[in-house]
Amino acid sequence: MPEPGAAAEAGWEPLSEDVRRTLEILLDGEAGEAGYRAQIPHTRMKAGCTCGCPSQYLLVGPGGVPAACAEPGAAPIVASRCLRSPDGGYVGEALLFADEGLMVSLEVCHWEDLGPLVPPLWQRLDPV
0 MPEPGAAAEA GWEPLSEDVR RTLEILLDGE AGEAGYRAQI PHTRMKAGCT CGCPSQYLLV
60 GPGGVPAACA EPGAAPIVAS RCLRSPDGGY VGEALLFADE GLMVSLEVCH WEDLGPLVPP
120 LWQRLDPV
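Numbering (numbering that gives the first Met the number 0), first residue to last: 0 to 127.
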């Protein structure tokens, strides 16, 4: 018989290096992002959308770290960066979504006709 809570944990795994580094770059900036940066070591991931984009659902472990300060009704996107091709062309965006101060997904959207985006994604983030 499975342990209590095992079903809720099914499919969640530690952050890959690519996802961890992508989150660190997305959240490298404003002081308001410090609460989200503190969540990174306590976050697990599992495959997100089935459209072919390398998106991930995120789950911040309970009790690991408090929720970031978020204004009621705040926009769900807390950080974003443009994705560039190796030759510098725009290919899409990486968007970090949160709900009530907790990270919930990393969505990577790109132009469909460019083919799949292969990791490492963090190397393709525009530094601006």
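Every residue, glycine too, gets a C-beta built ideally from N, C-alpha and C.
None of the values given here were measured: they were computed from a predicted structure.
Taken through DSSP and simplified to helix, strand or coil, LEU82 comes out as strand. The count of Cβ pairs closer than 8 Å, one atom from the stretch 19-38 and one from the stretch 61-80, reaches three, so the stretches are in contact.
Contact check for ASP98 against PRO75 passes: the beta carbons are separated by less than 8 Å.
Secondary structure of GLY91 (DSSP, three-state): strand. In terms of Cα proximity to LEU101, the closest of ALA9, LEU26 and VAL59 is VAL59. By DSSP's assignment, VAL107 forms a beta bridge with ALA93. Per DSSP, the unbroken beta strand (DSSP E) holding ALA46 starts and ends at 42-46. The DSSP-derived three-state label of ASP27 is coil.
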